[in-house]
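Heads up, the thing below is written out as structure tokens.
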């Protein structure tokens, strides 16, 4: 309010309307706020991302490796991207005062090897070699064996240990007993992996199976 020599001067109608218009425009341009007074946060969009020496075991009967282990798969990259996206979302939820708890991921259980399947390997000269390899009931080679198991898969494992590794012979009876467990542990030490004496995915990746062809027997992993 302004003052003149004779008293206070009332504000003009035009000035009041201008101020109200300015306030309304300012409010319209201000981002909307939530009930708590904070600006709403936009949910991020997911996007693509991604020692044993074996000195106690001779090197005989071990052919050169022909298997190449792939270091990663598209599935592992997709899984990693989803984890990154979930982590980013978690930070947004925490910032707005909402605590998010990640659900535990189910771990796949490795099935028991209950049978054998015939696998074939072709050498660099074109000769084929085939033999039985331990497998799960669905035919997958990604299976496990241990004490208490009894099957043709155990028998194939025992036979391959006797013929592909220069250890004392173990009974080929199809029963995974103490002798078989000790022999598997020696195989694991030979290949430089954990020697728990249990046959599983890590052991399968390096284990040599006895296979036979027109040129005679050979040992190879599958």
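In my numbering, the protein residues as written are 85 to 306. Backbone N, C-alpha and C fix where the C-beta goes; we use that ideal spot for every residue, glycine too.
DSSP places residue 263 in the uninterrupted alpha helix (DSSP H) bounded by 262-275. Residue 204 is positioned such that its CB atom lies no closer than 8 Å to that of residue 220. Under DSSP, residue 302 shares a beta bridge with 295. According to the DSSP assignment, residue 218 belongs to the beta strand (DSSP E) that extends over 212-219. By the Cβ neighbour-count rule, residue 216 is buried, with 16 or more other Cβ atoms within 10 Å of its own.
Comparing alpha carbon positions, the residue from 256, 235 and 226 closest to residue 244 is 256. For residue 201, the enclosing beta strand (DSSP E) stretches over residues 199-206. Within the same chain, Cβ atoms closer than 8 Å to the Cβ of residue 232 are found at 260, the five residues on either side in sequence being excluded. Our two residues, residue 211 and residue 294, have alpha carbons roughly 15 Å apart in a direct line.
Nearest to residue 226 by alpha-carbon distance, out of 214, 283 and 277, is 283.
Shown here, residue 245 sits in a helix according to DSSP, grouped into three states.
The closest CA to that of residue 301, considering only 223, 214 and 268, is found on 214. Counted as a single uninterrupted DSSP element, the alpha helix (DSSP H) harbouring residue 285 occupies residues 285-288. The closest CA to that of residue 280, considering only 253, 230, 299 and 251, is found on 230. DSSP places residue 235 outside both helix and strand once states are collapsed to three, so it counts as coil. In its chain, beyond the 5 residues on either side, 213, 214, 215 and 302 have a beta carbon closer than 8 Å to the beta carbon of residue 296.
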